[in-house]
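J.:
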Amino acid sequence: MALLEVSKLEAFYGQTQVLRGLDFSLEEGGITTILGANGAGKTTTLRALCGMVRTRGEVAFGGAKIAGGATESIVRHGIAHVPEGRGTFVRLSTEENLRLGAYTRRDPQAVGEDLERVFQYFPRLKERRHQQAGTLSGGEQQMLAVGRALMMGPRLMLLDEPSFGLAPNLTEELFDILGAINKERKVSMLVVEQNASLALAIADHAYLLETGRIVISGTAKEIEQDETVRKAYLGY
Amino acid sequence: MELFLQQTFSGLAFGGVYACMALAVVMIYQATDHLNFAQGEMAMFSTYIAYTLITWGVPYWWTFLLAMAISFVGGVLIERVIVRPVEGTSVLNEVIVFIGLLAIFNSVAGWIWEYTIKPFPSPFPKEPLFGNKFVGTHDLGVIGVTLVVLFAVFLFFRFTPVGLAMRAAAQDPASARLVGIRVGWMLALGWGLAAAIGAVAGMLVAPIVFLEPNMMGSILLYGFAGALLGGITNPAGAVFGGFAVGVLETLVGAYVPFIGSELKLSFALVLIVAVLVFRPSGLFGFVVVKRV
Numbered sequence: 010m011a012l013l014e015v016s017k018l019e020a021f022y023g024q025t026q027v028l029r030g031l032d033f034s035l036e037e038g039g040i041t042t043i044l045g046a047n048g049a050g051k052t053t054t055l056r057a058l059c060g061m062v063r064t065r066g067e068v069a070f071g072g073a074k075i076a077g078g079a080t081e082s083i084v085r086h087g088i089a090h091v092p093e094g095r096g097t098f099v100r101l102s103t104e105e106n107l108r109l110g111a112y113t114r115r116d117p118q119a120v121g122e123d124l125e126r127v128f129q130y131f132p133r134l135k136e137r138r139h140q141q142a143g144t145l146s147g148g149e150q151q152m153l154a155v156g157r158a159l160m161m162g163p164r165l166m167l168l169d170e171p172s173f174g175l176a177p178n179l180t181e182e183l184f185d186i187l188g189a190i191n192k193e194r195k196v197s198m199l200v201v202e203q204n205a206s207l208a209l210a211i212a213d214h215a216y217l218l219e220t221g222r223i224v225i226s227g228t229a230k231e232i233e234q235d236e237t238v239r240k241a242y243l244g245y
Numbered sequence: 092m093e094l095f096l097q098q099t100f101s102g103l104a105f106g107g108v109y110a111c112m113a114l115a116v117v118m119i120y121q122a123t124d125h126l127n128f129a130q131g132e133m134a135m136f137s138t139y140i141a142y143t144l145i146t147w148g149v150p151y152w153w154t155f156l157l158a159m160a161i162s163f164v165g166g167v168l169i170e171r172v173i174v175r176p177v178e179g180t181s182v183l184n185e186v187i188v189f190i191g192l193l194a195i196f197n198s199v200a201g202w203i204w205e206y207t208i209k210p211f212p213s214p215f216p217k218e219p220l221f222g223n224k225f226v227g228t229h230d231l232g233v234i235g236v237t238l239v240v241l242f243a244v245f246l247f248f249r250f251t252p253v254g255l256a257m258r259a260a261a262q263d264p265a266s267a268r269l270v271g272i273r274v275g276w277m278l279a280l281g282w283g284l285a286a287a288i289g290a291v292a293g294m295l296v297a298p299i300v301f302l303e304p305n306m307m308g309s310i311l312l313y314g315f316a317g318a319l320l321g322g323i324t325n326p327a328g329a330v331f332g333g334f335a336v337g338v339l340e341t342l343v344g345a346y347v348p349f350i351g352s353e354l355k356l357s358f359a360l361v362l363i364v365a366v367l368v369f370r371p372s373g374l375f376g377f378v379v380v381k382r383v
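Heads up: the protein sequence lines correspond to chains W and D, in order.
Here the working numbering is used: the first residue of the first sequence is 10, the next is one more, and so on.
Here the working numbering is used: the first residue of the second sequence is 92, the next is one more, and so on.
(1) For Ile88(W), count neighbouring Cβ atoms within 10 angstroms of its own Cβ and tell me buried if that reaches 16, exposed if not.
(2) What residues in its chain sit with their C-beta under 6 Å from that of Val27(W), if we drop five residues either side in the sequence?
(3) According to a CB-to-CB cut-off of less than 9 Å, which residues of the segment 97–131 of chain D neighbour chain W?
(4) Mind listing, in chain order, the continuous beta strand (DSSP E) runs of no fewer than 3 residues lying wholly within the segment 161–223 of chain W?
(5) Does chain W have any CB closer than 7 Å to the CB of Ser181(D)?
(6) My output table needs one value for Ala322(D): the three-state DSSP class, helix, strand or coil.
(7) Which term fits Gly222(D), buried or exposed, when burial requires 16 or more other beta carbons within 10 angstroms of its beta carbon?
(8) Measuring CB to CB, does Leu168(W) end up less than 7 Å from Met152(W)?
(9) Please check if any C-beta of chain D sits within less than 7 Å of the C-beta of Phe128(W).
(10) Step through the CB atoms of chain W and report whether any lies within less than 7 Å of the CB of Gly321(D).
(11) If Leu31(W) and Ile223(W) are in contact, beta carbons under 8 Å, what's the gap, nearest whole angstrom?
(12) Who are the neighbours of Pro92(W) on chain D, taking C-beta pairs under 9 Å?
(13) Should Thr64(W) go down as buried or exposed, given a rule of 16 or more other Cβ atoms within 10 Å for buried?
(14) Based on the DSSP output, what are the partners of Gln1(W) in its beta bridges?
(15) Can you tell me which of the three DSSP states Lys381(D) falls into?
(16) Can you tell which of Val233(D), Leu354(D), Ala287(D), Phe301(D) has the C-alpha that lies nearest to the C-alpha of Phe100(D)?
(17) Compare the C-beta of Tyr112(W) against all C-beta atoms of chain D and say whether one is closer than 7 Å.
(18) So that I know if they touch, is there some Cβ in chain W lying closer than 7 Å to that of Lys381(D)?
(19) Can you grab the Cα-Cα spacing for the pair Val383(D) / Arg95(W), in whole Å?
(20) Could you list which residues in chain D have their beta carbon closer than 8 Å to that of Gly96(W), in chain order?
(21) Can you list, in chain order, the residues of its chain with a C-beta nearer than 7 Å to that of Pro76(W)? Leave out the 5 residues immediately preceding and following it.
(22) Take Ala327(D) as the anchor and find which of Leu144(D), Ile272(D), Leu241(D) has the nearest alpha-carbon.
(23) Tell me where the beta strand (DSSP E) around Ala69(W) begins and ends.
(24) Mind listing the chain D neighbours of Glu105(W)? Cutoff is C-beta to C-beta under 9 Å, in chain order.
(25) Using a C-beta cutoff of 7 Å, does Leu153(W) count as contacting chain D?
(26) With distances taken Cα to Cα, identify the nearest neighbour of Gly156(W) among Gly23(W), Leu218(W), Glu105(W), Thr80(W).
(27) Starting from Leu126(D), trace the beta strand (DSSP E) in both directions and tell me its first and last residue.
(28) Inspect the beta-carbon positions of Lys3(W) and Gly38(W) and report whether they are closer than 7 Å.
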């Protein structure tokens, strides 16, 4: 059975409908990416899954129906959302930001181990653990956001434009780490990216979103070969 | 010199009370971006509850704790039942609800307990400690109790997961929800804590200003002044501001002849205006460092 099963998902900002009935599913342990142009509804898809916008339709996560729930209840099922803009608590320290990720957990020992693990993935965060998080660079804040998500001990990570605003070498490093987290921690991932070639390189499944509808779906390899995708999103 | 020390200690005692009010105001301000104008009347109401408990024969310190607990629950209920429906609708809605609360608490207190001035007991002995000439025992007690309460609040926010979650919820509600924090309840908890801290202020100042429904009016004003002076975005700053306003106000009243005790309250207003004009973020207001 799929980890995440989405059917007829619609999302609205006020009266404006942004998602027009999405059907897709996510296998446990995999990395799936949603591609699409600006305004296609990628970010909204992630926000809809977390109950951050008004939705209609069904979402089942690990067999539990989560659509229509409050954000704070949905994420407690084991969904960690790394939001657009990173959502850093700028006036708290780096370590406090990370500890907040583990807010709902009641296994202090495992939390401590996970904190060490985050510091292994992102040594920079350890150097800056007592620093006010707002003073971290963009790249460090992105690492902090991923680290905080990891602290939730999630089954699924939703990543919104993780490469946004990062230098190319940092982006590459971050995606390597995401790949490692996926393999070592068995965390499934749903990645939204403008940088299609980057996303396809790490993903095993991909969906193409156009004006709130899924127009193409398949394995990352198939999508990479697809003529329209290549022309419109990969640029060759 | 003797007069100076006496006035300073007396100022510090009032300052402790203002610091509590300032902290209560700041806690709600941080979570909602609005000043709770009803904070003073809530504290006054708590003090009346304490008064009733004492007339029932409950020992003072049990009364103190019970009144704090009742105020905490009351604060949570006010947020859940009355404030929540208008939260995030518009500034005007929220401020009107705060002013409505102020009016309601004031009249209900007058209705239940009448407007006649009542004495409120102090738990501290009348004789000055060690026979000193500078500071009354009640004043010392007020300074001590407020410091203990403020320190406890500091420890709570700094070192407990719930305190951390409350700070996170106040700073960035959307991100807080994403890590599973029930933001609505954190707000309610903030109201409860603010009400309990206000109760402390009310009970400590009541023996000095006496118990009556309007007792907290000017004290809340000094609390606002303290919060603004210290920086309304910084709880520790607000506490400092509260103490500073207490001392300044007493010294100005004692040494500047034309101010005396009649114009002391205008001093708070002048201070509020001055801070807003010259340094709106207060002495220790947070300047958030942001890099993108």
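Note that beta-carbon positions come from the ideal geometry of N, C-alpha and C, so glycine has one too.
T.: A quick look at the data gives this:
(1) For the purposes of this step, residue 88(W) is identified with residue 79 of the first sequence, where counting begins at 1. Buried, because 16 or more other Cβ atoms sit within 10 Å of the Cβ of Ile88(W).
(2) Within the first sequence, residue 27(W) is the residue found at index 18, counting from 1. Around Val27(W): Ala20, Gly50, Thr53, Gly221.
(3) none
(4) 165–169, 197–201, 214–219
(5) By 1-based counting over the second sequence, the position of residue 181(D) is 90. No, Ser181(D) does not count as interfacial toward chain W.
(6) The count along the second sequence starts at 1 and reaches residue 322(D) at position 231. Looking at the sequence shown, residue 322(D) is not Ala but Gly. Gly322(D): coil per DSSP, three-state reduction.
(7) The sequence position of residue 222(D) within the second sequence is 131, counting from 1. Exposed: under 16 other Cβ atoms inside 10 Å.
(8) The count along the first sequence starts at 1 and reaches residue 168(W) at position 159. The count along the first sequence starts at 1 and reaches residue 152(W) at position 143. No.
(9) Taking the first sequence and counting its residues from 1, the one referred to as residue 128(W) is at position 119. No, its Cβ sits nowhere closer than 7 Å to a Cβ of chain D.
(10) For the purposes of this step, residue 321(D) is taken as residue 230 along the second sequence, with counting starting at 1. It does not: the Cβ of Gly321(D) has no partner Cβ on chain W nearer than 7 Å.
(11) Here residue 31(W) refers to the residue found at position 22 of the first sequence. Here residue 223(W) refers to the residue found at position 214 of the first sequence. Yes, Leu31(W) and Ile223(W) are in contact; Cβ-Cβ is about 6 Å, under 8 Å.
(12) Position 83 of the first sequence, counted from the first residue, corresponds to residue 92(W). The contacting residues are Ala265, Ser266, Leu269.
(13) Within the first sequence, numbered from 1, the residue matching residue 64(W) stands at position 55. Classification for Thr64(W): buried.
(14) Shown here, chain W extends from 10 to 245; a query on residue 1(W) therefore has no answer.
(15) Start at 1 with the first residue of the second sequence, and residue 381(D) comes out as number 290. Only weak support is given to the placement of Lys381(D): the predicted model assigns it a pLDDT of 48, under 50, and the value that follows is read from those uncertain coordinates. It is coil, neither helix nor strand.
(16) Position 9 of the second sequence, counted from the start, is the residue given in the question as residue 100(D). Answer by Cα proximity: Val233(D).
(17) In the first sequence, residue 112(W) corresponds to position 103, counting from 1. Yes, its Cβ sits closer than 7 Å to a Cβ of chain D.
(18) Along the second sequence, one-based indexing puts residue 381(D) at 290. No answer about Lys381(D) holds up, because its pLDDT of 48 lies below 50 and its placement is not dependable.
(19) Position 292 of the second sequence, counted from the first residue, corresponds to residue 383(D). Position 86 of the first sequence, counted from the first residue, corresponds to residue 95(W). Note on Val383(D): pLDDT 48, under 50, position unreliable in the model; the coordinate value appears next. Roughly 11 Å between the two C-alpha positions.
(20) The count along the first sequence starts at 1 and reaches residue 96(W) at position 87. Residues of chain D passing the Cβ test: Asp263, Ala265, Ser266, Leu269.
(21) Stepping through the first sequence from its first residue, residue 76(W) is reached at position 67. Here residue 76(W) is Ala; the residue named in the question, Pro, does not match the sequence. Answer for Ala76(W): Thr64, Gly66, Glu67, Val68, listed in chain order.
(22) Along the second sequence, one-based indexing puts residue 327(D) at 236. Minimum Cα distance to Ala327(D) is reached at Leu241(D).
(23) Position 60 of the first sequence, counted from the start, is the residue given in the question as residue 69(W). Note, Ala69(W): beta strand (DSSP E), 63–70.
(24) What you label residue 105(W) is simply residue 96 of the first sequence in a count that begins at 1. Leu255, Arg258, Ala259, listed in chain order.
(25) As a first step, residue 153(W) must be located in the first sequence, where it is residue number 144. Chain D contact via Cβ: absent.
(26) Along the first sequence, one-based indexing puts residue 156(W) at 147. Comparing Cα positions, the closest option is Glu105(W).
(27) For this step, residue 126(D) is matched to residue 35 along the second sequence. Looking at the DSSP string, Leu126(D) is not in any beta strand (DSSP E), and its letter there is neither H nor E.
(28) There is simply no residue 3(W) to check, as chain W begins at 10 and stops at 245 in what is shown.
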